[in-house]
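K.L.:
The structure is given below, and queries will be raised subsequently.
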Amino acid sequence: MLPKTKSKPKHTLSDLTALMYGPSKIGKSTWCSKADDALFLATEPGLNALEVFQTPITCWDDLLQACAEIAEGKHEFKTIVVDTVDNAYKMCSDYVCKKFKIEHESDLGYGKGYALINNEFQRVINKLAFLPYGLILISHSQERDIETRTGKHTRIVPTLPEKARKLVTGLVDLILFCDLDMKTGEDGKPVWQRVMRTKPSPNYDAGDRTGRLPEVIPLDFSSFVKAFNNTAAGAAASAARPKPEPTASAAAKPQQ
Numbered sequence: 081m082l083p084k085t086k087s088k089p090k091h092t093l094s095d096l097t098a099l100m101y102g103p104s105k106i107g108k109s110t111w112c113s114k115a116d117d118a119l120f121l122a123t124e125p126g127l128n129a130l131e132v133f134q135t136p137i138t139c140w141d142d143l144l145q146a147c148a149e150i151a152e153g154k155h156e157f158k159t160i161v162v163d164t165v166d167n168a169y170k171m172c173s174d175y176v177c178k179k180f181k182i183e184h185e186s187d188l189g190y191g192k193g194y195a196l197i198n199n200e201f202q203r204v205i206n207k208l209a210f211l212p213y214g215l216i217l218i219s220h221s222q223e224r225d226i227e228t229r230t231g232k233h234t235r236i237v238p239t240l241p242e243k244a245r246k247l248v249t250g251l252v253d254l255i256l257f258c259d260l261d262m263k264t265g266e267d268g269k270p271v272w273q274r275v276m277r278t279k280p281s282p283n284y285d286a287g288d289r290t291g292r293l294p295e296v297i298p299l300d301f302s303s304f305v306k307a308f309n310n311t312a313a314g315a316a317a318s319a320a321r322p323k324p325e326p327t328a329s330a331a332a333k334p335q336q
């Protein structure tokens, strides 16, 4: 049970977990469709313009069945995309309410219903994350007013309920915020570019545990892969570079 050796850092995208969120129709699903051998667990319509492998998920039982088949490993998929994780959470809520014959989470009292939903949601998402495949969870974005010691400000976050959002953001390796970046063109007019933000900010949720990504990347899968692999290759080359031998003068220097 206990390990004999240390685990190695993951060097491929298909080994990582990510939360990708942003405005509707900015290109999140299109981006994910470029991932290696992607399977979409489609909890909502919206993939009609894409040629992808997809399994329609209309209830929590559908998701449980899909997870079981994925875990068996009798397939060629390398990346699992839950599109969207917001709807998956809603299905989890409906499942728990039906199981306990209640109309709303609050009907069980003292936060018990919410706890049951969050526990079930965490159980299944953790199971997916532990499988030997990449996992991308897609969400939409919303603005929320945040109270801090220094005052009140607006922050952009995924549209998941707060406890589910904290669960997911704590789980994943990457939090990728899809946004529009405005630059001034040669004619002086504004030019809008779709981008992906990867580093933490007071203004939005983002994060990169790998440390390989620049702060802003064009919202293009090939650009993302290039940035990810370039940094990984540089780190590997640095680790493989032999350390210099001590010089004769250094070796002969007496210890103090």
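For what it's worth, the working numbering labels the leading residue of the sequence shown as 81, then goes sequentially. C-beta: ideal position from N, C-alpha, C; glycine also.
Please report the residue range of the beta strand (DSSP E) in which L217 lies.
P.N.:
As a working mapping, residue 217 is identified with position 137 in the sequence shown. Where L217 is concerned, the enclosing beta strand (DSSP E) stretches over G214 to T228.
K.L.:
CA-CA distance, Q222 and I297?
P.N.:
If you number the sequence shown from 1, residue 222 lands on position 142. If you number the sequence shown from 1, residue 297 lands on position 217. Taking the straight line from one Cα to the other gives about 21 Å.
K.L.:
Out of N198, Y190 and P103, which one is the CA nearest neighbour of Y284?
P.N.:
Locating residue 284 in the sequence shown gives position 204, counting from the first residue. Selected option, being the one with the closest Cα: P103.
K.L.:
For T135, which residues from the same chain have a beta carbon less than 6 Å from its beta carbon, with the 5 sequence-adjacent residues on both sides left out?
P.N.:
On the sequence shown, residue 135 is found 55 positions in, with the first residue counted as 1. These residues qualify, in order along the chain: L121 and A146.
K.L.:
Would you kindly check if the distance between the Cβ of V275 and the Cβ of I218 is under 8 Å?
P.N.:
Position 138 of the sequence shown, counted from the start, is the residue given in the question as residue 218. Position 195 of the sequence shown, counted from the start, is the residue given in the question as residue 275. In this structure, V275 does not lie closer than 8 Å to I218 by Cβ.
K.L.:
When the Cα atoms are used, what is the spatial distance from C139 to T230?
P.N.:
Residue numbering aside, residue 139 sits at position 59 when the sequence shown is read from its first letter. Residue numbering aside, residue 230 sits at position 150 when the sequence shown is read from its first letter. So the two alpha carbons sit approximately 43 Å from each other.
K.L.:
Could you tell me the alpha carbon to alpha carbon distance between L251 and V271, rounded to whole angstroms?
P.N.:
As a position in the sequence shown, residue 251 is number 171, starting the count at 1. As a position in the sequence shown, residue 271 is number 191, starting the count at 1. Distance between the alpha carbons of L251 and V271: 35 Å.
K.L.:
Where does the unbroken alpha helix (DSSP H) through C172 begin, and where does it stop?
P.N.:
Counted from its first residue, the sequence shown places residue 172 at position 92. That run of the alpha helix (DSSP H) goes V165 to K179.
K.L.:
Could you please give the first and the last residue of the uninterrupted alpha helix (DSSP H) stretch that includes R44?
P.N.:
Here the chain covers residues 81 to 336 and nothing more, so residue 44 does not appear.
K.L.:
Report the three-state DSSP secondary structure of M100 (helix, strand or coil).
P.N.:
Position 20 of the sequence shown, counting from 1, holds the residue named residue 100. Secondary structure at M100: strand, using DSSP grouped into helix, strand and coil.
K.L.:
On the three-state DSSP scale, how would you describe S281?
P.N.:
As a working note, residue 281 is residue 201 in the sequence shown. Strand, per DSSP.
K.L.:
Closest to C172 by C-alpha separation, out of T264, I137 and L256, would be which residue?
P.N.:
In the sequence shown, counting from the first residue as 1, residue 172 sits at position 92. Of the listed residues, the one whose Cα sits closest to C172 is I137.
K.L.:
Which residue's Cα is closest to the Cα of G265: G287, Q273 and L130?
P.N.:
On the sequence shown, residue 265 is found 185 positions in, with the first residue counted as 1. Selected option, being the one with the closest Cα: Q273.
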